[in-house]
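Taking this note's numbering, the leading residue of the sequence shown gets 1350, the next gets one more, and so forth. Below is one structure; the comments refer to it alone.
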Amino acid sequence: MDLARYRFDLSIEEVPTSWYNILPDLPEEVPPPLNPKTGEPVDPSALAKLFPKALIEQEVSRERYIEIPGEVREAYISFARRPTPLLRAVNLERALDTPAEIYYKYEGVTPTGSHKINTALAQAYYNKLEGVERLVTETGAGQWGSALSAAGAYFGMKVRVYMVRVSYLQKPYRRTLMELYGAEVYPSPSDKTEFGRKLLAENPNHPGSLGIAISEAIEDVINSGGNARYSLGSVLNHVLLHQTVIGLEAEKQFREAGVYPDIMIGAVGGGSNFAGFTYPFIRHRLKGSSSTRFIAVEPKASPSMTRGVYTYDYGDTAGLTPLLKMHTLGHTYQVPPIHAGGLRYHGVAPTLSVLLKHGIVEARAYHQREVFRAAHLFAKAEGIVPAPESAHAVKAAIDEAIKARDEGRRMVIAFNLSGHGLLDLQGYREYLDGTLEDYEPEEIPASRR
1350 MDLARYRFDL
1360 SIEEVPTSWY
1370 NILPDLPEEV
1380 PPPLNPKTGE
1390 PVDPSALAKL
1400 FPKALIEQEV
1410 SRERYIEIPG
1420 EVREAYISFA
1430 RRPTPLLRAV
1440 NLERALDTPA
1450 EIYYKYEGVT
1460 PTGSHKINTA
1470 LAQAYYNKLE
1480 GVERLVTETG
1490 AGQWGSALSA
1500 AGAYFGMKVR
1510 VYMVRVSYLQ
1520 KPYRRTLMEL
1530 YGAEVYPSPS
1540 DKTEFGRKLL
1550 AENPNHPGSL
1560 GIAISEAIED
1570 VINSGGNARY
1580 SLGSVLNHVL
1590 LHQTVIGLEA
1600 EKQFREAGVY
1610 PDIMIGAVGG
1620 GSNFAGFTYP
1630 FIRHRLKGSS
1640 STRFIAVEPK
1650 ASPSMTRGVY
1660 TYDYGDTAGL
1670 TPLLKMHTLG
1680 HTYQVPPIHA
1690 GGLRYHGVAP
1700 TLSVLLKHGI
1710 VEARAYHQRE
1720 VFRAAHLFAK
1730 AEGIVPAPES
1740 AHAVKAAIDE
1750 AIKARDEGRR
1760 MVIAFNLSGH
1770 GLLDLQGYRE
1780 YLDGTLEDYE
1790 PEEIPASRR
């Protein structure tokens, strides 16, 4: 095989100059956020206590392309090391004996090891412009917290992170990484907020959840006296928008490869890495110029897409956010302590929910052990240990490649390997020791099915 067909790189000059905004291309408008007290749409200005003006404008913008500020694009190149490679998994293809071609966009080459830096740098930049002193956020597995901590270091801003307690304990080196960048890191629920203290009083060993950590971060900002703003790692449109640098780069790389994906796959917690990789390609499907299938993969322990309902719900556990129309398990749903901490969320992005509703995106769920088995196979074949979140996409890609083999069909399968798992080895240790558990989801109320 021609070795030049293994890897497809772009020059620095080819890093995108604009982000792609899917809002004007969706098959229907995203229902507006609602004020939970009045049931009326929330005026964007009401979000000014949480987000800088530029991000609020991006959240509701109908512009198809939004220019990436020069300072952010420079940070993408000099600090985040974009562009990232598109790699062909030829060794995995051989291991599976499949006629399918398998490609993956590898975001694990960034300094913090995941795609999250793409929006962290943008959010830190816009907050810095408005004179914000401190950014406050939540993190599940620590990928987002690490990225925002690094972005804070780059732009000279303070960062405070509420890390889901079970991940705080499972992944101590993520905390170390965040603190190296200068961030404060607290296990959530924590004793730093009223909501956290309430939950700890009820259960001192509470494992936490992303919804709880979001509540704590928002409470922190509300009580900051105006010198702090909230940064979100997924779900909202401005976050997914910033991640489209991934798919826009991949478009150019697939042209260089001379192929176009038949299937595109991404893991989903809130939706940021899936959206960043697929939305530029979903644009073509929405315009009728592509028949690509899009598969969004989630844990069976947190099945918001496959077992949730499309309805209005809070984005956090305490009910501090506006109501968002999304696929949800309910904001009080207690997600089991799986190792894919970034996927332990009760809902998904409103834009992704619209695409699920219209059948543009297919949803799939897997148990933890089968995901780690797929990641193990991938690591032995390709040499890269995937993050447990990204391993969900690996599992789906392997399943589709085996199906192609069994049916004797040639096809192009692409997935986003959104982060490496070198700080997630505790989960792999449990997998190798045979102590890794599968978790059935909590009983989901009939109104949430």
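Each residue gets a CB set at the ideal place from its N, CA and C atoms; glycine is no exception. None of the values given here were measured: they were computed from a predicted structure.
- Per DSSP, the continuous alpha helix (DSSP H) segment holding ILE1466 begins and ends at 1466-1478.
- As DSSP reads the structure, SER1463 sits in a beta bridge with GLY1768.
- Beta-bridge pairing by DSSP links ALA1577 to ARG1483.
- The residue from ASP1540, ALA1397, PRO1521, TYR1522 with its alpha-carbon nearest to that of TYR1475 is ALA1397.
- Annotation for ARG1546: ASP1540 place their beta carbon closer than 6 Å to its own, counting only its chain and skipping 5 residues before and after.
- In this structure, TYR1661 is the residue among TYR1661, THR1666, LYS1649 with its C-alpha nearest to the C-alpha of HIS1676.
- Contact annotation: the region 1458-1472 does not touch the region 1662-1681, with fewer than three C-beta pairs closer than 8 Å.
- Residue burial is scored here from C-beta neighbours: ASP1773 has at least 16 other C-beta atoms within 10 angstroms and is therefore classed as buried.
- The beta carbons of SER1580 and LEU1470 sit no closer together than 8 Å.
- In the displayed model, LYS1674 falls within a strand according to three-state DSSP.
- In this structure, the beta-carbon distance from GLY1489 to GLY1618 falls below 8 Å.
- The Cβ-Cβ distance between PRO1385 and PRO1652 does not fall below 8 Å.
- Inclusion of ALA1449 and ARG1759 in the CB contact set at 8 Å is warranted, their separation being smaller than that value.
- The region 1419-1438 makes contact with the region 1599-1606; the number of CB pairs closer than 8 Å reaches 3 or more.
- Within 10 angstroms of the beta-carbon of ALA1424 lie 16 or more other beta-carbons, which makes it buried.
- ASN1572 counts as exposed, since fewer than 16 other beta carbons sit within 10 angstroms of its beta carbon.
- Linking ALA1444 to THR1387 through their CA atoms gives a straight-line distance of about 57 Å.
- Looking at the backbone, the Cα of TYR1715 and that of ASN1440 are separated by about 24 Å.
- Contact between the region 1780-1791 and the region 1748-1757 is absent, with fewer than three C-beta pairs closer than 8 Å.
- Taking a contact to require three or more Cβ pairs closer than 8 Å, the region 1609-1624 and the region 1415-1429 do not qualify as touching.
- By the C-beta criterion, the region 1512-1520 is judged not to be in contact with the region 1641-1651, since fewer than 3 inter-stretch pairs fall below 8 Å.
- Of LEU1673, ALA1599, ALA1763, the smallest CA-CA separation from GLU1363 is found for ALA1599.
- The beta carbons of SER1558 and ARG1693 sit closer together than 8 Å.
- Per DSSP, SER1639 has no beta bridge partner at all.
- Where ALA1397 is concerned, there is no enclosing alpha helix (DSSP H), because DSSP gives it neither an H nor an E.
- Around LEU1673, the same chain offers PRO1382, GLY1664, PRO1699 as residues with beta carbons nearer than 6 Å, after the five sequence neighbours per side are excluded.
- In the DSSP assignment, TYR1511 is bridged to GLU1487, TYR1535.
- Less than 8 Å separates the beta-carbon of ALA1473 from that of TYR1503.
- The residues MET1654, HIS1676, ALA1712, in chain order, have a CB closer than 7 Å to that of LEU1705 in the same chain once the five nearest residues on each side in sequence are set aside.
- Here DSSP, grouped into helix, strand and coil, assigns ALA1698 to coil.
- Here the C-alpha atom of GLN1717 lies approximately 27 Å from the C-alpha atom of LEU1497.
- Between the alpha carbons of THR1486 and THR1447 lies a distance of about 43 Å.
- Looking at the backbone, the Cα of GLY1732 and that of ALA1566 are separated by about 37 Å.
- Following the DSSP letters along the chain, one finds THR1660 inside the beta strand (DSSP E) bounded by residues 1658-1663.
- Cα atoms of SER1410 and ILE1762: separation of roughly 32 Å, rounded to the nearest angstrom.
- Contact check for HIS1695 against TYR1780 fails: the beta carbons are separated by 8 Å or more.
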